[in-house]
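First comes the structure, then the notes that go with it.
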Amino acid sequence: MVSLRGAELSYGARVVWQGLDLDVRPGEFLAVLGPNGSGKTSFVRALLGRQPLSAGTLTVLGGSPREAGRYLGYVPQQAEVSAQAMLRARDLVRFGIDGHRFGPRLRTGAVRRRVDEILASVGATAYADVPLGMLSGGERQRVRIGQALATDPRILLCDEPLLSLDLNHQRAVTELVDARRRSHGTSVVFVTHEINPVLGLVDRVLYLAPGRHRIGTPDEVLTSESLSELYGTRVDVVRVRGRVVVVGAPDGPATPPHHAQETAHGVVRQTEEVHP
């Protein structure tokens, strides 16, 4: 589905990640974690064909990301929506169906039926005709997932879809994404600051940190030994009542590993849920 070999992303002299070899398998749920500035969103942009690699190769469905675009569903980070915005939930989903088309538009009746089906599948029928600015964050995310699923994607890319959502809406969003994966064999790449809502669903984790990365199952990657080596400073991982808590992981722009070691004593040690 997705294949990277020797992939590197740099901004000037700053290496965000490098030497990345990764294959995302059909139907796999891959969580992408890491501190702010570690290149999580840039990773998704690369898969979309919007961010060129500095080195290495990337193929999506056997070709270039742009060639695979019609088979990709994308749930972007939440953006503020004006309360005066008149765009309705059904309008946003319709854009997912034919907003990319050139030439004659699809027949109105067929499109309306398809929009209604999608809205029902994500539990958004009740507010199909409500302007987006009047919806809660969780309701808007349901609609955005519907838009992303409108083209029947083979790969679903989610960039921080849980930000600013309460626990109930986090659960609803993750269940929608996982239901799609299970029913259609859709691969999911899920960038998140909050691993715990998806911990029971994730097959593997890609953890991006200062110029480095780790790939493996949650049990392999989310350990004190693994994250301490990744950050170059002491990091403790504790599991409490089925939740993962990380102590001491710096959260900030990626820096070279040797710099992280030099400044380790200056890192403010804090307790938090996995908050890449």
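Residue numbering for the sequence shown follows the numbering used here, starting at 8 and increasing by one per position. Think of the CB as a built atom: it goes at the ideal place given N, C-alpha and C, for glycine as much as any other residue. These numbers were taken from a predicted model, which means no experiment stands behind them.
Determine the DSSP secondary structure at Ile222, reduced to helix, strand or coil. As a working mapping, residue 222 is identified with position 215 in the sequence shown. The answer is strand: DSSP assigns Ile222 an E or B state.
Give the C-beta separation of Ala14 and Leu54 to the nearest angstrom, bearing in mind that I take them to be a contact with Cβ-Cβ under 8 angstroms. Stepping through the sequence shown from its first residue, residue 14 is reached at position 7. Stepping through the sequence shown from its first residue, residue 54 is reached at position 47. With a beta-carbon spacing of about 11 angstroms, Ala14 and Leu54 fall beyond the 8 angstroms limit used to define contacts.
Boundaries of the beta strand (DSSP E) in which Gly239 is found, first to last residue: Taking the sequence shown and counting its residues from 1, the one referred to as residue 239 is at position 232. Here Gly239 belongs to no beta strand (DSSP E), and DSSP marks it neither H nor E.
With distances taken from CA atoms, which of Leu208, Leu40, Ala186 is nearest Thr199? Along the sequence shown, one-based indexing puts residue 199 at 192. Measuring from the Cα of Thr199, the nearest candidate turns out to be Leu40.
Which parts of the region 144 to 211 are runs of the beta strand (DSSP E), unbroken and 3 residues or longer, counting only runs that do not cross its ends? Within the region 144 to 211, the complete beta strand (DSSP E) runs of at least 3 residues are 162 to 166, 194 to 198.
Check Arg101 in the structure and name its three-state DSSP category. For this step, residue 101 is matched to residue 94 along the sequence shown. Helix, per DSSP.
Would you mind working out which of Leu237, Glu182, Leu229 sits nearest Val251, comparing C-alpha positions? As a position in the sequence shown, residue 251 is number 244, starting the count at 1. Of the candidates Leu237, Glu182, Leu229, the one whose C-alpha sits nearest the C-alpha of Val251 is Leu229.
Indicate whether the contact test is met: 3 or more Cβ pairs, each with one atom in the region 69 to 77 and one in the region 125 to 135, closer than 8 angstroms. Taking 8 angstroms as the limit for Cβ pairs, the verdict is that the region 125 to 135 does not touch the region 69 to 77.
Exposed unless 16 or more other CB atoms sit within 10 angstroms - verdict on Met4: This structure cannot speak to residue 4, because the chain is shown only from 8 to 283.
Given this structure, state the Cα-to-Cα distance separating Arg57 from Phe50, to the nearest angstrom. Sequence index remark: in the sequence shown, residue 57 carries index 50 (1-based). Sequence index remark: in the sequence shown, residue 50 carries index 43 (1-based). Computed Cα separation, rounded: 10 angstroms.
Is the region 165 to 183 touching the region 145 to 154, taking contact as three or more C-beta pairs under 8 angstroms? Short answer: they touch.
Between the C-alpha atoms of Val9 and Ser190, what's the straight-line distance to the nearest angstrom? Position 2 of the sequence shown, counted from the first residue, corresponds to residue 9. Position 183 of the sequence shown, counted from the first residue, corresponds to residue 190. The straight-line gap from Cα to Cα measures roughly 20 angstroms.
When burial is assigned at 16 or more other CB atoms within 10 Å of the CB, is Thr115 buried or exposed? Translated into the one-based positions of the sequence shown, residue 115 becomes position 108. By the neighbour-count criterion, in which 16 or more other beta carbons inside 10 Å mark a residue as buried, Thr115 falls on the exposed side.
Reference Leu169; option with closest CA among Phe197, Thr193, Asp159: Position 162 of the sequence shown holds residue 169. Comparing Cα positions, the closest option is Phe197.
How close, in whole Å, do the beta carbons of Pro204 and Thr181 come, if the pair is a contact with beta carbons under 8 angstroms? As a first step, residue 204 is located in the sequence shown; it is residue number 197 there, counting from the start. As a first step, residue 181 is located in the sequence shown; it is residue number 174 there, counting from the start. Contact between Pro204 and Thr181 holds, since their C-beta atoms are separated by about 5 angstroms, short of 8 angstroms.
Quick check: what's the CA-CA separation for Arg121 versus Ala133? Here residue 121 refers to the residue found at position 114 of the sequence shown. Here residue 133 refers to the residue found at position 126 of the sequence shown. When rounded, the distance between both Cα atoms is 16 angstroms.
The beta strand (DSSP E) enclosing Leu40, as first and last residue numbers: Counting from 1 along the sequence shown, the entry for residue 40 is found at position 33. Counting along the chain, the beta strand (DSSP E) containing Leu40 begins and ends at 36 to 40.
Given Pro33, which residues of its chain have a CB within under 7 angstroms of its CB, disregarding the five upstream and five downstream residues? For the purposes of this step, residue 33 is taken as the residue at position 26 of the sequence shown. Answer for Pro33: Met8, Gly192, Ser194, listed in chain order.
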